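2 protein chains.
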Amino acid sequence: MKPTVHDIAAHAGVSLATVDRVLNDRPGVREVTRVKVEESISALGFVRDVNAANLAKSRSYSFVLILPTGNNSFMEALRAEAMEAAQRAKFERTSIRIVDVRAFDAKSLAAILDGLAEERPDGVALVAVESPVVAAAIDRLAEQGIACVTLVSDLLGSKRVHYAGIDNLAAGRTAASLLGRFLRDRRGSVAVLAGSMLVRDHRERLEGFSAVLNTEFPKLNILPILEGWDEPERAERMVSSALGEHRNILGLYSLGAGNRGLVRAISARSEGEHISVIVHELTNTTREALKSGVIDAVLNQDPGHEIRSAIRVLTAKADNLQIVAAQERIRLDIFLRDNLP
Amino acid sequence: MKPTVHDIAAHAGVSLATVDRVLNDRPGVREVTRVKVEESISALGFVRDVNAANLAKSRSYSFVLILPTGNNSFMEALRAEAMEAAQRAKFERTSIRIVDVRAFDAKSLAAILDGLAEERPDGVALVAVESPVVAAAIDRLAEQGIACVTLVSDLLGSKRVHYAGIDNLAAGRTAASLLGRFLRDRRGSVAVLAGSMLVRDHRERLEGFSAVLNTEFPKLNILPILEGWDEPERAERMVSSALGEHRNILGLYSLGAGNRGLVRAISARSEGEHISVIVHELTNTTREALKSGVIDAVLNQDPGHEIRSAIRVLTAKADNLQIVAAQERIRLDIFLRDNLP
DNA sequence: CTGAAAGCGCTTACAG
DNA sequence: CTGAAAGCGCTTACAG
Chain A
1 MKPTVHDIAA HAGVSLATVD RVLNDRPGVR EVTRVKVEES ISALGFVRDV NAANLAKSRS
61 YSFVLILPTG NNSFMEALRA EAMEAAQRAK FERTSIRIVD VRAFDAKSLA AILDGLAEER
121 PDGVALVAVE SPVVAAAIDR LAEQGIACVT LVSDLLGSKR VHYAGIDNLA AGRTAASLLG
181 RFLRDRRGSV AVLAGSMLVR DHRERLEGFS AVLNTEFPKL NILPILEGWD EPERAERMVS
241 SALGEHRNIL GLYSLGAGNR GLVRAISARS EGEHISVIVH ELTNTTREAL KSGVIDAVLN
301 QDPGHEIRSA IRVLTAKADN LQIVAAQERI RLDIFLRDNL P
Chain B
342 MKPTVHDIAA HAGVSLATVD RVLNDRPGVR EVTRVKVEES ISALGFVRDV NAANLAKSRS
402 YSFVLILPTG NNSFMEALRA EAMEAAQRAK FERTSIRIVD VRAFDAKSLA AILDGLAEER
462 PDGVALVAVE SPVVAAAIDR LAEQGIACVT LVSDLLGSKR VHYAGIDNLA AGRTAASLLG
522 RFLRDRRGSV AVLAGSMLVR DHRERLEGFS AVLNTEFPKL NILPILEGWD EPERAERMVS
582 SALGEHRNIL GLYSLGAGNR GLVRAISARS EGEHISVIVH ELTNTTREAL KSGVIDAVLN
642 QDPGHEIRSA IRVLTAKADN LQIVAAQERI RLDIFLRDNL P
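Note that the protein sequences, when read in sequence, are chains A and B.
Sequential numbering from 1 applies to the first sequence in the working numbering.
Sequential numbering from 342 applies to the second sequence in the working numbering.
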């Protein structure tokens with residue numbers, strides 16, 4: 001039988017309360033007593049039942065997820081997953097509140113974070129915006145012992161305890177590697193559609209992409225970056241005019257959003273050979289384009305995994321428990337037409 | 342405040358025991374009483390605290406994982422993950438026993454399954470072997486209410502409650518799709534190295550591979566399958582002689598194990614242009630070959646995810662709870678040199 | 001068919 | 001600094 005606190009108490013000749021004090025590192029125990037109890041703990045191989053402890057404490061967790069608004073398909077999916085998770089969490093004494101913030105609005109985000117100092121949730125997950133005011137707000141929460149996890153977009157240099165998202169440098173490198181292989185031995189140009197070079201994710205993807213393409217596939221040259229602001233209409237215009245202007249475009253990497261416009265622009269082409277296209281995030285648009293052959297590959301991050309992971313990590317941090325690192329690593333999914341889920 | 346059984350009892354004017362009977366669908370409650378309690382439950386929006394219930398029941402889970410022996414890198418990784426999971430499980434009142442069985446030995450596997458009828462674990466996970474005796478043994482356990490989950494290799498037609506593994510047809514299709522794109526427009530042969538055509542996984546991968554290659558990439562023709570029995574030495578010999586015999590081999594798909602031999606055979610070639618190579622499972626060998634450029638892509642299933650998923654599913658089934666389907670879907674990972682974990 | 005009481009493994013005031 | 005008792009939200013004999 002697994003030993004319980006009663007067994008420890010009996011073995012050490014102390015009361016339950018004292019065992020509990022030692023177990024939880026609470027003050028007010030004489031050194032000799034503490035040692036005695038600790039010896040019993042290791043002698044009997046005691047491991048605390050966390051669920052029972054949480055029940056006794058009436059422990060419940062309260063987390064806040066701060067998600068950007070906007071009609072971006074990916075962010076919508078992230079929000080839907082967050083709402084499902086919130087629903088399931090109720091059964092495990094965990095309450096999850098979803099807070100909206102305007103996308104890329106560092107000031108508002110920081111203000112929301114500061115506002116949480118009063119509510120004192122057990123943890124916060126946020127899609128970070130790269131800004132010193134946000135980092136400072138995260139650090140203030142950290143001071144108070146409120147753990148912050150960055151979601152999708154990281155904020156290095158802040159005191160966030162974990163990042164639940166993909167490695168964007170690796171994503172860019174992977175895109176280049178795939179595109180280079182798809183275009184094996186051909187000579188020509190590659191267009192890149194980004195959202196904005198002000199966003200770290202996009203900069204990192206571009207950096208990884210450029211590095212691999214330039215060193216490993218020197219026959220392919222990257223055209224000036226198209227900044228589509230993640231807007232379908234603008235993306236369509238930019239891609240269309242690029243396709244018109246440069247007749248030797250062999251490949252296209254879309255590292256941001258707005259892929260509806262990109263698909264329209266490519267589909268509108270009446271002539272020319274197949275262009276190899278790699279985009280990010282599996283949405284209805286990209287799924288259909290993958291099936292129809294307009295897009296060759298989709299790099300994806302699983303919003304469900306990101307949300308579940310963020311919550312698991314926050315829960316673990318709240319109780320100072322270990323996480324299973326491999327389980328929390330967010331994969332870069334590569335989808336072809338043939339392995340769509 | 343979240344309502345508890347006490348609140349339900351008070352609201353319905355009955356005792357805790359009766360609430361419990363209704364909650365757990367136990368007999369011996371008059372219909373009127375049952376209705377009264379159920380009304381209170383929905384009126385107060387009661388949801389049962391599963392952890393508290395498990396504590397009260399002194400509920401503990403006992404699962405058996407049946408894993409094939411052999412020095413296959415993938416199976417070793419699976420076993421290592423199982424042992425880690427067993428370690429972690431102790432903290433959650435779950436005991437996991439790992440049982441060895443000779444690989445591909447249907448009779449022994451069935452005997453082990455039958456032997457479990459006495460032990461009566463709460464659930465069993467096994468790497469299935471395609472055989473009627475195994476299916477029958479799984480069904481006998483199912484009759485007794487012992488849930489079986491197939492791991493890595495499925496057994497259709499049996500009463501297993503879940504399959505924790507990849508879609509092997511999709512894996513084969515993906516391999517063909519990648520290889521076809523890597524070899525864009527070229528005309529030549531593709532070699533396929535399998536373990537054995539007697540194993541369902543391998544047959545399915547080949548089926549998916551052939552289907553896509555034949556329909557979408559007609560310039561590539563598949564050479565007669567090399568059966569390497571998952572043994573490095575034999576694989577090396579077969580690949581070497583195939584490379585010697587067929588001078589127009591452009592690509593190679595290894596859908597089984599024994600990749601150490603394959604890498605040696607390819608590395609030994611002194612002449613000829615780059616051959617595009619796609620293999621299964623990320624191991625030390627394939628990781629290094631990916632880095633050095635001998636291999637172009639690795640299709641992988643995450644053994645850690647498979648083990649954790651099997652255990653989560655068994656736990657859920659043991660208590661008749663829902664699983665989060667998306668979380669339990671085992672992805673087909675595609676690794677290039679650029680997105681290695 | 002129904003209920004009062006004890007218990008699962010821990011924690012928390014409170015008293016000393 | 002230490003302990004006895006009650007309690008977290010459920011379930012389980014046992015009695016009626």
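Even glycine gets a Cβ: it sits at the ideal position worked out from N, Cα and C.
Computed from a prediction, not measured in an experiment: that's the story for all the values here.
When the five nearest sequence neighbours on each side are left out, the beta carbons in the same chain lying within less than 8 Å of the beta carbon of A:S309 are those of A164, Q327, E328 and I330, in order along the chain. At a beta-carbon threshold of 7 Å, the residues of chain A lying near B:P682 are R329, ordered along the chain.
Remark: C-beta atoms of B:I507 and B:L406 do not approach each other more closely than 7 Å. For the options A:N221, A:I225, A:D49 and A:G195, the alpha carbon positioned closest to that of A:G256 is the one of A:G195. Shown here, B:D480 sits in a helix according to DSSP, grouped into three states. Here the stretch 648–663 of chain B makes contact with the stretch 420–439 of chain B; the two share three or more CB pairs at distances below 8 Å. Here A:F209 carries a helix assignment [DSSP, helix/strand/coil]. In the structure shown, A:A103 falls within a coil segment according to DSSP collapsed to helix, strand and coil. Going by C-alpha positions, A:S58 is about 23 Å away from A:K2.
Short of 7 Å from the beta carbon of B:R389, and not among the five residues preceding or following it, lie these beta carbons of its own chain, in chain order: L364. In terms of Cα proximity to B:L561, the closest of B:A576, B:L524 and B:V540 is B:L524. Unbroken alpha helix (DSSP H) runs of no fewer than 4 residues, entirely contained in the stretch 478–566 of chain B, are found at 509–523 and 541–557, following chain order.
Residues of chain B whose Cβ lies closer than 8 Å to the Cβ of A:R260 do not exist, since the nearest Cβ in that chain is about 24 Å away. With a cut-off of 8 Å on Cβ pairs, the stretch 614–622 of chain B is not in contact with the stretch 657–668 of chain B, counting fewer than three such pairs. Counting every other CB atom within 10 Å of its CB across the protein chains shown gives A:Q301 a total of 16 or more, marking it as buried.
Residue state for B:A469 is assigned as coil, using DSSP reduced to three classes. Counting only Cβ-Cβ distances below 9 Å, B:L677 has contacts in chain A at R173, T174, S177, L178, R181 and I334, in chain order.
Under the 10 Å beta carbon count, A:P121 is surrounded by 16 or more other beta carbons and is classified as buried. According to DSSP, A:A56 shares a beta bridge with no other residue. One Cα belongs to A:R200, the other to A:L156, and the distance between them is close to 10 Å. The C-beta of A:R184 comes closer than 7 Å to at least one C-beta of chain B. For B:F445, no CB of chain A lies under 7 Å from its own CB, so it is not counted at the interface with that chain. Within the stretch 428–440 of chain B, R429, K431, F432, E433 and R434 place their CB atoms closer than 8 Å to a CB of chain A, listed in sequence order. Think of a sphere of 9 Å around the beta carbon of B:D390: the chain A residues whose beta carbon falls inside it are L55, F91, E92 and R93, in chain order. Close partners of B:V553 in chain A (Cβ separation under 8 Å): D338. Neighbours of B:R649 in chain A, taken as residues whose beta carbon is under 8 Å from its own, are V324 and Q327 in chain order. C-alpha of A:E118 to C-alpha of A:V127: approximately 21 Å in a straight line. The stretch 280–328 of chain A contains, as complete beta strand (DSSP E) runs of 3+ residues, the segments 297–300 (chain order). A:I66: not part of any alpha helix (DSSP H); member of the beta strand (DSSP E) spanning Y61 to P68, first to last residue. A:L193 places its beta carbon less than 7 Å from that of A:A235.
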